[in-house]
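Taking it in order: structure first as structure tokens, then the write-up.
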Amino acid sequence: MNTISFLSIPAGIVPEQEAVVCEGIRFSYAETLSRTRRLSGALARLGVGCGTRVAALGVNSHRSVEAYYATALLGGVFIPLNYRAKLPELEHMLKAGRARVLLVGERYLETVRSLAPALAELETVIGIDGPSGNHPGYEELIATAEELETEAEVEDDETTILMYTSGTTALPKGVMLTYHDFTAYVTANVELADGTPRGAALLCVPLYHIAGTTNMMTTLWTGRRLVLMPQFEPRGWLDLVESERITHAFLVPTMLKRLLDEPDLERRDLSSLEILSYGGASMPFPVIRRAIERFPTSVGFVNAFGQTETTSTLTILGPEDHRLVGTAGEIEQRTKRLTSIGRPLPDVEVRIVGEDGATLGSGEVGEICVRTPRVMKGYAGGTESPLRDGWLPTRDMGWRDEEGYLFIAGRKDDMIIRGGENIAPAEVEAILQSHPGVEEAAVVGLTDLEWGQRVAACVVLRPGETLTAEALGEFCRQRLASFKKPEIICFLPELPKNPMGKILRKDLRAQLEAS
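According to my numbering, the sequence shown holds residues 50 to 564 in order.
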């Protein structure tokens with residue numbers, strides 16, 4: 050199934066319904082499909098066809114949505130680029146991705162011009178916001194193009210999107226996601242549009258992130274109005290929830306924290322909001338606890354855990370698990386579960402695997418391995434399949450409780466080994482973050498000649514707190530085994546993170562080793 054169907058089929062069912070809204074521009078499903086087909090016609094004139102690589106470098110907009118579907122209609126491969134990436138990373142993605150056509154936003158044109166001499170395969174640059182020099186403008190191209198209605202015949206296992214990972218420890222890797230991967234995800238998780246009201250979804254997560262792309266696809270397939278925010282800003286987000294009567298939204302942890310820092314949050318009309326999903330990085334316990342307390346009780350929170358390699362979500366912790374109601378025992382149990390990533394979706398199987406490859410039981414920490422029909426085709430340029438007997442090692446360490454809820458212990462590469470004992474950073478971080486004076490914490494292992502590694506904690510205090518390292522160390526001593534207690538505690542104004550909110554532990558480790 051060609052993924053252009055995610056737009057063309059709903060457009061046949063609800064043609065006059067609003068599909069896409071962005072910065073005051075509003076298009077119906079029929080108009081969005083027409084613009085997409087005209088862009089396909091323009092790209093075809095530029096030589097785009099089956100397998101042609103088309104990259105995009107720009108913030109979220111209605112044109113980003115059209116660009117993906119126009120490329121899919123032609124059977125091309127779409128490459129959404131991280132506009133926050135550093136110059137060497139962008140050069141790597143464009144070179145390795147072999148992009149022949151690049152759609153670029155105005156603010157990134159100079160960056161592209163500086164890279165152009167090194168991009169031998171790049172033939173055409175299109176200005177998303179208008180023509181620039183010898184680069185044609187997006188709107189000018191589609192204004193003179195005819196609609197291309199014939200969809201390219203594609204195989205299920207052909208790549209439709211080449212999406213680069215966040216690259217917190219190395220250069221980003223290109224994940225090849227197929228038409229089948231997205232079809233399996235979308236059709237399994239939302240119902241097709243049928244003309245009944247489905248509300249409005251606010252998308253502020255960039256489309257170069259798997260959560261942004263899959264949210265865009267599921268929203269349109271189900272007939273919901275897609276409201277795009279070019280870049281997240283707390284007050285602007287709240288304004289859009291009020292004015293557009295948003296029912297569904299997705300945030301990364303740093304975005305949710307910034308919303309909680311807004312002094313007038315409780316005075317905003319968030320009554321339309323039904324589901325607020327979060328993911329992309331580990332959610333600090335104090336942040337989600339505050340969110341449950343400060344958002345209207347009608348809001349259902351959903352923790353969605355997944356990977357680019359698995360076409361997004363693998364497990365969810367649903368709204369009921371976030372509602373802190375019931376007996377004292379039930380509330381305590383649900384509060385503990387707020388640190389869980391929930392249970393697998395119906396099309397996902399999960400195993401916890403030990404170093405010897407054996408499946409571990411409840412409560413035992415090992416690597417989380419998954420099996421699902423929507424695992425990536427592979428990494429671009431890679432020769433070896435990452436699958437092991439049909440299972441994908443996620444490189445996330447974790448454990449499962451008696452009721453099947455999964456908990457993350459940390460990345461496999463981040464596990465601390467001290468004197469032969471494994472220490473999960475997430476366990477130590479959970480204790481640190483349970484202190485009322487701590488806003489956020491990150492734990493890393495530092496080189497130790499005698500014990501191999503020692504435990505170091507970087508802590509962000511809540512505003513106005515004056516907690517000392519000695520007091521926090523004693524707090525940990527009472528709650529952790531002696532070998533797990535941080536030997537070093539340093540306080541920082543904030544933790545270094547990538548755009549999706551993932552902590553850059555490599556940077557923290559280097560900073561601490563240097564000092």
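Idealized CB from N, CA, C, for every residue including glycine.
Here the structure is a predicted model, which is why all the values come from computation and not from measurement.
- Per the DSSP secondary-structure output, phenylalanine 299 pairs in a beta bridge with Leu252 and Ser326.
- Pairing isoleucine 457 with isoleucine 390 gives a Cβ-Cβ distance under 9 Å.
- Assigned with DSSP and collapsed to three states, isoleucine 210 falls in strand.
- Inter-segment contact for the region 348-367 and the region 413-424 is present: three or more beta-carbon pairs are separated by less than 8 Å.
- Taking all protein chains in view, the Cβ of proline 474 is crowded by 16 or more other Cβ atoms within 10 Å, so the residue is classified as buried.
- Annotated three-state conformation of glycine 186 is strand, per DSSP.
- In the DSSP assignment, asparagine 352 forms a beta bridge with Tyr327 and Leu366.
- Inter-segment contact for the region 441-450 and the region 400-419 is present: three or more beta-carbon pairs are separated by less than 8 Å.
- Setting aside the 5 residues that flank it on each side, arginine 112 is surrounded in the same chain by Ile177 and Tyr187, each with a C-beta closer than 7 Å to its C-beta; the list follows chain order.
- Under the 10 Å beta carbon count, glutamine 280 is surrounded by fewer than 16 other beta carbons and is classified as exposed.
- Taken in chain order, the complete beta strand (DSSP E) segments of 3 residues or longer contained in the region 254-313 are 274-277 and 297-300.
- In the three-state scheme derived from DSSP, where H, G and I count as helix and E and B as strand, valine 492 is classed as strand.
- In this structure, glutamate 207 and tyrosine 228 form a Cβ contact; the two beta carbons are roughly 6 Å apart against a cut-off of 8 Å.
- For glutamate 198, the closest of Glu342, Leu305 and Leu82 by C-alpha to C-alpha distance is Leu82.
- Judged by their CB atoms, valine 224 and leucine 251 are not nearer to each other than the 9 Å cut-off.
- When Cβ pairs closer than 8 Å are counted between the two stretches, the region 68-85 is seen not to touch the region 125-139, the count staying below three.
- The Cβ atoms of threonine 209 and leucine 226 lie closer than 9 Å to each other.
- As computed with DSSP, tryptophan 448 is found in a beta bridge with Phe456.
- One alpha carbon belongs to aspartate 318, the other to threonine 232, and they sit about 36 Å apart.
- The Cβ-Cβ distance between arginine 102 and arginine 147 falls below 9 Å.
- For phenylalanine 76, the uninterrupted beta strand (DSSP E) segment begins and ends at 74-77.
- Note: phenylalanine 334 is not bridge-paired with any residue in the DSSP secondary-structure output.
- Close CB contacts of methionine 50 within its chain, under the 7 Å cut and outside five residues either way in sequence, are with Tyr228 and Thr232 (chain order).
- Look at leucine 106 here: in three-state DSSP terms it is strand.
- For the set Val477, Met266, Leu136 and Pro312, the Cα lying nearest the Cα of isoleucine 537 is the one of Val477.
- If you compare the alpha carbons of Pro335, Ala249, Pro345 and Gly272 with that of phenylalanine 299, the shortest gap goes to Ala249.
- Looking at Val374, Leu211 and His141, the one whose alpha-carbon comes closest to that of alanine 429 is Leu211.
- Nearest Cα to serine 57 within the set Leu441, Val493, Leu436 and Thr271: Thr271.
- Contact between the region 505-525 and the region 337-356 is not established, with fewer than three Cβ pairs separated by less than 8 Å.
- For asparagine 471, the enclosing beta strand (DSSP E) covers residues 470-472.
- In this structure, leucine 441 sits near valine 419, with a CB-CB distance shorter than 9 Å.
- In the structure shown, glutamine 502 falls within a strand segment according to DSSP collapsed to helix, strand and coil.
- As a beta-bridge residue in DSSP terms, threonine 408 pairs with Val402.
- In the DSSP annotation of this structure, alanine 563 is not part of any beta strand (DSSP E); the continuous alpha helix (DSSP H) holding it starts and ends at 554-563.
- The straight-line gap separating the alpha-carbon atoms of isoleucine 324 and valine 108 is approximately 24 Å.
- For the region 122-189, the continuous alpha helix (DSSP H) assignments of 4+ residues that do not extend past its boundaries occur at 136-146 and 158-164, in sequence order.
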